[in-house]
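Taken in order, the sequence shown gives residues -8 to 91; the numbers are from this note's numbering.
Just so it is clear, CB atoms sit at the ideal spot from N, CA and C, and this is done for glycine as well.
Some notes on the structure that comes next.
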Amino acid sequence: TARAKGLVERIVIYKHVLRNAAIPIVTLIGLQFGELLGGAVIIEYVFAWPGVGRFALQAVLNRDFAVVQATVCVVALGFLLINLLMDVIYAQIDPKIRFA
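Written out as C-alpha cells, the structure reads:
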C-alpha cells in the first residue's frame, strides 16, 4: 500500500521493510551476547586466560561459595542488562512496541 500511495522506494524500504525485519535480528544479537558470556568460561579455561570464567571455575573447584554466588550474580546482572538493552532497542525500532 505504501507504493500505491506513491512513496519513494527508499522510504518504503527504510520505514516499512527494515523496521519490521530488524526485530528478529535484534533478538538474535541479544541471544548471541548471552552465549558469548556463557562461552567465556570454556575459552578462558582452554587458552589459560585469566578472567571471570576461570575465576568462577576455580571457585567451584575450591568450594568457595561466596565467590560462586558473586560470580553468578554478576553474570545474571549481565544477562539482565542485555535483555533490558534489547527491549529499549525494540521500542526505538518499532514505536508500536510499548513498555508496559
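Check                                                                                                       : Outcome
Distance, Q60 Cα to I34 Cα                                                                                  : 21 Å
Sequence-distant residues of the same chain with beta carbon closer than 6 Å to A82, five excluded per side : I88
C-beta contact flag for A50 and V58 at 7 Å                                                                  : yes
Contacting residues, own chain, Cβ-Cβ under 6 Å from A13 (five flanking each side not counted)              : I84
Residue burial classification, A67 (beta-carbon count within 10 angstroms, cutoff 16)                       : exposed
As assigned by DSSP and simplified to three states, the class of I88                                        : coil
Alpha-carbon to alpha-carbon, F38 and R1                                                                    : 47 Å
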